[in-house]
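Student: In terms of the UniProt record's numbering, the numbers along the sequence shown are unbroken and rise by one, the last being 152.
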Amino acid sequence: MDRFLSSAVNRIDAKGRVSVPAHFRTVLQKRGYSELYALRCLDQAAMDVGGLDLLDRYEQRIAQEDPFLQTADDMSFFCHGDGTFLKLDQDGRVTLTDFIREHTGITTEVAFVGRGSFFQIWEPGRLAAYGAAARSRLLHLRQGTKPGERPE
1 MDRFLSSAVN
11 RIDAKGRVSV
21 PAHFRTVLQK
31 RGYSELYALR
41 CLDQAAMDVG
51 GLDLLDRYEQ
61 RIAQEDPFLQ
71 TADDMSFFCH
81 GDGTFLKLDQ
91 DGRVTLTDFI
101 REHTGITTEV
111 AFVGRGSFFQ
121 IWEPGRLAAY
131 GAAARSRLLH
141 LRQGTKPGER
151 PE
């Protein structure tokens, strides 16, 4: 398995570290990631986390933009200024910095959720609310209704 799948919630220890779920660490090892890159989500209070390929993907997209336009500058600020590197220690833990905690609202527990080629970290309550809303949107899409409408 070389995809980040499933979800887990782990407690933060007294030193501000949290264990990355074992199945995520297996994927990290298979992919040869020695460093993790964490980037603030634009539209959610979560962090996208992956290897340098995640950063490469954003930089490739920036390279397609006209460097004299604001869009290129904004995109560079987003991926270079709103990101941070994380190191896994020998026990598979990462330290949650104030940068991450302030954006996510994480206090005592961290929710990890697989997103295929990367994973996200969330405050567990916010992830639960987001998951419920996403399932509702998909159900309405399947039923061909708008939120608040009942299927015929």
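The beta carbon of each residue, even a glycine, is placed where N, CA and C say it ideally should be. On a predicted model such as this, the values are computed, not experimentally measured, just so you know.
What span of residues does the alpha helix (DSSP H) with L39 cover, start to end?
Tutor: Reading the sequence shown from its first residue, position 39 is the one you call residue 39. Here L39 belongs to no alpha helix (DSSP H); instead the beta strand (DSSP E) covers L36 to R40.
Student: Given that a residue counts as buried once 16 or more other Cβ atoms are within 10 Å of its Cβ, and exposed if not, what is P21?
Tutor: In the sequence shown, residue 21 corresponds to position 21, counting from 1. Buried.
Student: Give, in chain order, every unbroken run of the alpha helix (DSSP H) that is at least 4 residues long and sits entirely within the UniProt domain "SpoVT-AbrB" (83–126).
Tutor: 98–104
Student: Rounded to whole angstroms, what's the CA-CA distance from Q90 to D66? Just pull it up for me.
Tutor: Counting from 1 along the sequence shown, the entry for residue 90 is found at position 90. Counting from 1 along the sequence shown, the entry for residue 66 is found at position 66. Near 42 Å, if we compare the C-alpha coordinates of D66 and Q90.
Student: If I follow the unbroken beta strand (DSSP E) through V20, where does it start and stop?
Tutor: Numbered from 1 along the sequence shown, position 20 holds the residue referred to as residue 20. It is not in any beta strand (DSSP E) - V20 carries neither H nor E in the DSSP assignment.
Student: Let me check understanding here. Comparing Cα to Cα, which of H23, Y33, S7 and E149 lies closest to L88?
Tutor: On the sequence shown, residue 88 is found 88 positions in, with the first residue counted as 1. Of H23, Y33, S7 and E149, the residue nearest in Cα terms is Y33.
Student: Who are the Cβ neighbours of L5 in its own chain at under 8 Å, not counting the five residues just before and after it?
Tutor: Residue 5 sits at position 5 when you count from the first residue of the sequence shown. Closer than 8 Å at the Cβ level, and outside the excluded window around L5, lie H23, G114 and G116.
Student: Would you mind reading off the limits of the beta strand (DSSP E) that contains M1?
Tutor: The sequence position of residue 1 within the sequence shown is 1, counting from 1. Neither: M1 is in no beta strand (DSSP E) and is coded neither H nor E.
Student: Our contact map puts T107 next to R17 with C-beta atoms below 8 Å; I'd like the distance itself, whole angstroms only.
Tutor: Counting from one through the sequence shown, the residue named residue 107 turns up at place 107. Counting from one through the sequence shown, the residue named residue 17 turns up at place 17. In fact, because the Cβ distance is near 14 Å, the residues do not count as touching under 8 Å.
Student: Residues in its own chain within less than 7 Å of A46 by CB, not counting five upstream and five downstream?
Tutor: As a first step, residue 46 must be located in the sequence shown, where it is residue number 46. Within the same chain, A46 has close Cβ partners T104, Q120, I121 and W122.
Student: Measuring CB to CB, does A83 end up less than 9 Å from Y37?
Tutor: In the sequence shown, counting from the first residue as 1, residue 83 sits at position 83. In the sequence shown, counting from the first residue as 1, residue 37 sits at position 37. A quick correction: the sequence has Gly, not Ala, at residue 83. In this structure, Y37 lies closer than 9 Å to G83 by Cβ.
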